[in-house]
Every structure is written in C-alpha cells, then in structure tokens.
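Visitor: Just dropping this structure here.
There are 2 protein chains.
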Amino acid sequence: MKIAITGGGGMVGRKLAERLALDGVICGREITGLTLYDVVEPTAPFGAKFPVKLRTGDLPATGQTELVLADWPDVIFHLAAIVSGEAELDFDKGYRINLEGTHRLLEGIRHRYAGSARKPRLVFASSIAVFGAPFPERIGDEFVSAPLTSYGTQKAIGELLLNDYTRKGFVDGIGIRLPTICIRPGKPNKAASGFFSNICREPLAGHEAVLPVSEDVMHWHASPRAGVGFLLRAAEISSEEVGARRCLSMPGLAVTVGEQIEALRKVAGEAVVKRIRRERDPFIEKIVAGWPRAFDAKRAATLGFRGDANFEAIVRIHIEDELAGKIA
Amino acid sequence: MKIAITGGGGMVGRKLAERLALDGVICGREITGLTLYDVVEPTAPFGAKFPVKLRTGDLPATGQTELVLADWPDVIFHLAAIVSGEAELDFDKGYRINLEGTHRLLEGIRHRYAGSARKPRLVFASSIAVFGAPFPERIGDEFVSAPLTSYGTQKAIGELLLNDYTRKGFVDGIGIRLPTICIRPGKPNKAASGFFSNICREPLAGHEAVLPVSEDVMHWHASPRAGVGFLLRAAEISSEEVGARRCLSMPGLAVTVGEQIEALRKVAGEAVVKRIRRERDPFIEKIVAGWPRAFDAKRAATLGFRGDANFEAIVRIHIEDELAGKIA
Chain A
35 MKIAITGGGG MVGRKLAERL ALDGVICGRE ITGLTLYDVV EPTAPFGAKF PVKLRTGDLP
95 ATGQTELVLA DWPDVIFHLA AIVSGEAELD FDKGYRINLE GTHRLLEGIR HRYAGSARKP
155 RLVFASSIAV FGAPFPERIG DEFVSAPLTS YGTQKAIGEL LLNDYTRKGF VDGIGIRLPT
215 ICIRPGKPNK AASGFFSNIC REPLAGHEAV LPVSEDVMHW HASPRAGVGF LLRAAEISSE
275 EVGARRCLSM PGLAVTVGEQ IEALRKVAGE AVVKRIRRER DPFIEKIVAG WPRAFDAKRA
335 ATLGFRGDAN FEAIVRIHIE DELAGKIA
Chain B
35 MKIAITGGGG MVGRKLAERL ALDGVICGRE ITGLTLYDVV EPTAPFGAKF PVKLRTGDLP
95 ATGQTELVLA DWPDVIFHLA AIVSGEAELD FDKGYRINLE GTHRLLEGIR HRYAGSARKP
155 RLVFASSIAV FGAPFPERIG DEFVSAPLTS YGTQKAIGEL LLNDYTRKGF VDGIGIRLPT
215 ICIRPGKPNK AASGFFSNIC REPLAGHEAV LPVSEDVMHW HASPRAGVGF LLRAAEISSE
275 EVGARRCLSM PGLAVTVGEQ IEALRKVAGE AVVKRIRRER DPFIEKIVAG WPRAFDAKRA
335 ATLGFRGDAN FEAIVRIHIE DELAGKIA
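Residue numbers (the numbering used here), protein chains in the order written: chain A, 35 to 362; chain B, 35 to 362.
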C-alpha cells in the first residue's frame, strides 16, 4: 500500500506517519511507500521500513497535487489546512488553502485516476467547527452544518465536495470530524481552544497554566492517539457500509473543565493541579460559548470508530507518549 | 432602489422582472433601475417605468460580475444556474456556473462594496435539492444538507458561502430554498420533475399528458406567483430577524399526485382530467423516490413567507397568469 499525507508536517500528520512507520501495515496490508507533503519540509518518521518521500509546496498552486499523487497512493490523508484562527484573520488565505486546496486535490485525483477501475481512499480531516450554535444538547448525525467561522465553512464545503466526488465515482472519500485534540503536545499557543490542553500539559511539565473559563464549560475531546486511530479506521472501513453520507462526527469525550482537572488530580496529584491559575477571560469565554459541547456520534460508533475511555486515559496517553512516563 | 437579476432570462427571472415592472416599488421604495443579466439576452419586462439594462455573458468569466454590479444595485437576485439534469450530465459546467459563478459574484460584491457602509441585499435562489434521502416525515429547519446530486451540492455550497460572506459583513445575503415550481409554464421538458407540471398544464391546454408515477407520490410545490413572492419577501426582511443562518426552506404545499389531479378536476372538470394518461416509468419513479416530500418550514413562516393556500389555487393561478382565464 502506497500512502500520501498532505499536512504531513503538522502535529497530527507527524503522529500518523510515526504510527505508520511503527505498524508497517495499513488496512491489513504492507505499506510500500509514504509521501509526506507540507508547506514546510516534513520530517520522515523514525524507523520506517518503507521509502519515505518528503515534498513541499503550496497545495492550490498549479502542478502541486501531482507531487502528492505521483506514486499512485492507495490511501491519501488530507490533513493540510490553515487553522481556525488564521482562516478567520486572513479570509483569502483560508479560502485559498482550505477550499481551493481541497477542491484541487479532488480534481487532481479525479483526473489522475480517471482510467483506473479502483479509486484511492481519501481520508479528509474535517472538524466539529462545521457546526455552529444554537445546538441541541447532543449533536446528532443529522444535524445541520451551520458553521460560525470561515474555517468551519471551508471544512463543510470540503465535506460536500467529498460526498459529490465520491458519489460520482471519482474518489472513495471518507470525511471525519475530529474532536478538539487534547492534550495537544508542544508549546502553548494563542488559539482560543488552547487552554483545554494548556491546563494539563503545562502543569505536568512543571509550569503554570491559566484557565480563562469557568469549570463547568463542557467540550468535546480526543487524544492525539485516538485521533490517529480515527484516521486509520477511516482508511479501512468499507465504502458500502458508509453509504452516501461520507462524513462522520468522531466519538469524543464530552467533559467539563472541572472533570479534566479532576482526572489530572487522580493521575498526577494535587501538586500538579495547583499549577493551574484561574483568571477569567471574557473574550475567550464568549468564543467558547459558541462551540459544540457534546455529540451523539452513533454512526461512527456503528462503523467501529473508538474514542478514549475517559479523561484520565487521555492524561495517561500524554504522559506515556510525550513525557516518557515522567511527571514534573 | 436599483435592482439586478442574474438569470434574468429564465422563467422565474422573467416573472420577477414583470412583477417589478408592475409594482414599480420594492421594499416599499421606488425602483429606479433594473439590470437583467443572462447567458442569452433577456427580454425587458413590459411597461417598466424605470430604465432596464439587458446584459449577457458568462458569469464566472473575468469581468462579468462588474456587468451585474455596474449600477451599484441595492438588491441583487442571483437566480442564474445550470439546472439539475444538466449539472448531473456535465460535471465541469455545473461546478463552473453554479459554484464558481456564485463564488465570483460574492467576491465581486465583496470588492466592489468594500468601501460602502451599506451592503447590498443578495437574494440567492437555492433549492430543496440540497437535501437527500433518507428524510424524516417532514424536513425541519435543522436537518442536514446531504444532497444526492451535483446541483444540490453546488446549491448547498452556495448557501455556506452566502452565510460566511454575510457573517463577515461583505454582503447582506438571504438564501431561499424554492420548492418545485408548479405549474411551470412553457413546453414539456425532459426533467424528471416535469410531469408534476405537465399533468396540469397540458390537459388545461387541450393536450394529453403522461403520468409516469403512482398517484400516491407526494412532493413539495409552489406556484410561480408564490415563488416570485418569496423572492420579494427575501429582499425586504430584516437581517437581524434572520440571524446567523441565512438560508431558509420556503413554505410549499405537500400534495400527492392524486391530490393534484383532484384539484384539477374541481377547477377544470372531468374532461380535462381525462387527458392524463397513466404510464408508469420505473426510471422516473426511482429518481422521484429520492426527493424531498414535505417540509416543516417554521422559520420561513415566522419570517412572513407565504405559500399557496392549496393546489386548487395553484391551478387557478396558472389559468389566470398563463391562459388568460381560458381552459381548452
């Protein structure tokens, strides 16, 4: 199996590539090549027993999708995107990368595989940002996509295109709406959602973190490991089982900030939890109030997507995968 | 008020232009100019007391939106589209006109009105084709857009773009999902939905018509007069009242073919109804089975959109507006 990943240099792309290198197989078959594509040169995963090609470029520019598709990949993970905050600040860039880039990739696949009986599986990383308030208590599989950001709009359009290109037989697409990935490794960033990760990651590393919202704020989370698991499951599920609606909300965990902190206390102790400083930020509180809180992800569960067991498990995954088992 | 209509040469565009010429006002204010734009030269409406400009072109081509926007319209009706059947047969043309054309018009408005405090009202003719089976008994305002045609996909994307451009303050958009327009004037065409109109229009004109489906097939209809009424209401409703979700399913009539025929009998008599010949067509039956049957268009009703009273009224409107009151 040949694999390609757009956005192969991002956090999820790197974790996915590392997992592919570790497993050596996908969909029960041997991996024989991997192309990582990103705007800056991605890093080849350690220990891969298959050839890895690193490619850089600007996805919507002419000739770029050919770089992604050069080796006739059987599975393409389309993770490349301008993130939510940047797409909101730079309207043209968001539409260019997130909408035009996705549309061009679909067109590239359509034309390159036009003569092939078997079409590649395209796994599209969509987002719960396709939904906008007001919400029901839990967002079901038939709830309207009414995004309140340009990023969410671009992802929702990507989903519609993916459905139509799949229906026409140009590609075999599956879109998965990832929950907020938590605990996100790396440095704190200024994303409004950053604190969900910061309040766990920073205290575990011995640093202070600021909690800008009330403890009863609920949100929808998945660990990086679960996120990679969703992508791999999306690569292998049977097209027939999915049917005409190709995009699915992934099973996350609906937990409050208070429950996050309680899980952190159970796993890492009171000293770690004490590193969280409470300082309400009305600006962030207002943004977060418009975000999805919880889903009823029935279809994904039926199709064998498995989320994290509980938030304690998410904390333990971070300690294992990012901290080599050690808490500061 | 300056008005522009894309697709001004189509059936709905012509009826809208005629109504504007008759009324002389829109949103309670005098109409001072009308631009009709279409791919073939549109006809100026009879008796207009304001200047009418006729413009032709290919909407997604460079410089075309400037023709539509030249007179700084206060209200733009965006009706131009490749119809469902053609968009399904010619994939590229459908995306070019229905997606790229709409996106370019939004971009054109964004840039032309960038310095203006007041943005034009853009009324976008969407369609119930944004919905795809399986459906609930009645499709509510929060039901997912999961189209099963390229046309429906392009309209659903147009809705998402309209929402986002409106949210960003680039335009003041309202999208309305028109029911199937019935009784459609003109010649019978090969559209799969054609029979809903044919079985009324042709018998009323003294001709035979073929009914290819069972009498218990239910569908969602609005008269051409109601359709024009929806467009005019969409031009005047308050932006604040609509809120963030700018696209609305219009109030149609959910009637079975049997109820259509019964209404025709009541209005026009048994001799007319006898001109309907029953000849089942499994191909058409299968297509129609995937179409929406009925809606619960609560938001539109709250916002003052008014549909037809019943199917007898629809038959009478056709006799008045198309047959000068005379039944063959």
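For glycine and all other residues, C-beta sits at the position ideal for the given N, C-alpha and C.
Tell me which same chain residues have a C-beta within less than 7 Å of the C-beta of V306 of chain A, skipping the five on either side of it?
Guide: So the qualifying residues of the chain are P237, L238, L298, I361.
Visitor: Could you confirm whether any beta carbon from chain A is found closer than 8 Å to the beta carbon of A278 of chain B?
Guide: Chain A contact via Cβ: present.
Visitor: Cβ atoms of I318 of chain B and E249 of chain B: under 8 Å apart, would you say?
Guide: Contact: no.
Visitor: Quick one: give me the first and last residue of the beta strand (DSSP E) that C281 of chain B is part of.
Guide: That run of the beta strand (DSSP E) goes 281-283.
Visitor: Does the CB of F165 of chain B have a neighbour CB from chain A at under 8 Å?
Guide: Not one chain A Cβ lies under 8 Å of F165 of chain B.
Visitor: Along the chain, where does the beta strand (DSSP E) containing D72 of chain A start, and where does it finish?
Guide: That run of the beta strand (DSSP E) goes 67-72.
Visitor: Nearest to I110 of chain A by alpha carbon, out of A:L357, A:I208, A:G277, A:N344?
Guide: The shortest C-alpha separation from I110 of chain A is found at A:I208.
Visitor: Would you verify that the beta carbon of L93 of chain B is, or is not, closer than 8 Å to some beta carbon of chain A?
Guide: Judged by the 8 Å Cβ criterion, L93 of chain B is not in contact with chain A.
Visitor: Any heavy atom of the ligand MN closer than 7 Å to the beta-carbon of D57 of chain B?
Guide: The ligand MN is absent from the structure shown, which contains no ligands of any kind.
Visitor: In terms of residue numbering, what span does the beta strand (DSSP E) encompassing D206 of chain B cover?
Guide: Looking at the DSSP string, the run of the beta strand (DSSP E) that includes D206 of chain B is 206-212.
Visitor: Report the three-state DSSP secondary structure of F230 of chain A (helix, strand or coil).
Guide: If DSSP states are grouped into helix, strand and coil, F230 of chain A belongs with the helices.
Visitor: Kindly indicate the opening and closing residues of the alpha helix (DSSP H) around M45 of chain A.
Guide: 45-57 is the span of the alpha helix (DSSP H), which, as asked, contains M45 of chain A.
Visitor: Name the chain B residues that come within less than 7 Å of L198 of chain A, Cβ to Cβ?
Guide: Correcting the residue identity first, residue 198 of chain A is Asp in this sequence and not Leu. Those within 7 Å of D198 of chain A in chain B are S184, T187.
Visitor: What whole-angstrom Cβ distance do T183 of chain B and S118 of chain B have, given they're in contact under 8 Å?
Guide: Right, the Cβ-Cβ distance comes to about 6 Å (below 8 Å), so this counts as a contact.
Visitor: Is R235 of chain A closer than 8 Å to I217 of chain A when the C-beta atoms are compared?
Guide: Yes, Cβ-Cβ distance for I217 of chain A and R235 of chain A is below 8 Å.
Visitor: DSSP three-state label for R312 of chain B, please.
Guide: Strand, per DSSP.
Visitor: Let me confirm a value: R314 of chain A is counted as buried when at least 16 other C-beta atoms fall within 10 Å, else exposed. Which label applies?
Guide: It counts as exposed.
Visitor: Is any beta-carbon of chain A found at less than 8 Å from that of F125 of chain B?
Guide: True, the Cβ-Cβ gap to chain A drops below 8 Å.
Visitor: Around the C-beta of C281 of chain A, are 16 or more other C-beta atoms found within 10 angstroms, so that it is buried, or is it exposed?
Guide: Buried, because 16 or more other Cβ atoms sit within 10 Å of the Cβ of C281 of chain A.
Visitor: How do the region 48-66 of chain A and the region 264-271 of chain A stand: do at least 3 beta-carbon pairs fall below 8 Å, yes or no?
Guide: In short, these stretches touch, since the Cβ pair count reaches three.
Visitor: Would you mind telling me which residues of chain B sit closer than 7 Å to I191 of chain A, beta carbon to beta carbon, in chain order?
Guide: Within 7 Å Cβ-Cβ: I191, L194.
Visitor: Look at P79 of chain B and E100 of chain B and say whether their C-beta atoms are less than 8 Å apart.
Guide: Going by C-beta atoms, P79 of chain B is not nearer than 8 Å to E100 of chain B.
Visitor: Would you list the residues sitting across from I173 of chain B in a DSSP beta bridge?
Guide: In the DSSP output, where bridge partners are listed per residue, I173 of chain B has B:F329.
Visitor: For A55 of chain A and Y129 of chain A, what's the separation of their Cα atoms in angstroms?
Guide: The straight-line gap from Cα to Cα measures roughly 33 Å.
Visitor: Would you call R327 of chain B buried or exposed, if buried means 16 or more other Cβ atoms sit within 10 Å of its Cβ?
Guide: Buried, because 16 or more other Cβ atoms sit within 10 Å of the Cβ of R327 of chain B.
Visitor: So who's on the other strand from R156 of chain B, going by DSSP bridges?
Guide: Sequence inspection shows Leu at residue 156 of chain B; the Arg mentioned does not correspond to that position. DSSP lists B:I110, B:G207 as partners of L156 of chain B.
Visitor: Thinking I131 of chain A and P94 of chain A are a contact (beta carbons under 8 Å), I'd like their distance in whole angstroms, please.
Guide: At roughly 7 Å, the Cβ-Cβ gap stays under 8 Å, so I131 of chain A and P94 of chain A are in contact.
Visitor: At least one CB of chain A closer than 8 Å to the CB of S179 of chain B: is that the case?
Guide: Chain A contact via Cβ: present.
Visitor: Identify, in the order they occur along the chain, each residue of the same chain with its Cβ nearer than 8 Å to the Cβ of L143 of chain A, setting aside the five sequence neighbours on each side.
Guide: Sequence inspection shows Ile at residue 143 of chain A; the Leu mentioned does not correspond to that position. Excluding positions up to five away in sequence, the list reads T99, L103, I110, K153, P154, L156, Y199, F204, V205.
Visitor: From what residue to what residue does the beta strand (DSSP E) around K36 of chain A run?
Guide: Residues 36-40.
Visitor: Taking Cβ-Cβ distances below 8 Å as the criterion, which residues of the region 201-215 of chain A are in contact with chain B?
Guide: For the region 201-215 of chain A, which is checked against every Cβ of chain B, the residues closer than 8 Å are R201, K202.
Visitor: Taking the continuous alpha helix (DSSP H) assigned at A260 of chain B, which residues delimit it?
Guide: Per DSSP, A260 of chain B belongs to the alpha helix (DSSP H) from 258-270.
Visitor: Does E304 of chain B come within less than 8 Å of chain A when only Cβ atoms are used?
Guide: It does not: the Cβ of E304 of chain B has no partner Cβ on chain A nearer than 8 Å.
Visitor: Between the C-alpha atoms of N232 of chain B and P222 of chain B, what's the straight-line distance to the nearest angstrom?
Guide: Approximately 6 Å, taken between the alpha carbons.
Visitor: Applying the criterion that 16 or more other CB atoms from any shown protein chain within 10 Å of the CB defines a buried residue, is G97 of chain B buried or exposed?
Guide: It counts as exposed.
Visitor: What residue range does the alpha helix (DSSP H) around V289 of chain B cover?
Guide: Premise fails: V289 of chain B lies in the beta strand (DSSP E), 287-290, not in any alpha helix (DSSP H).
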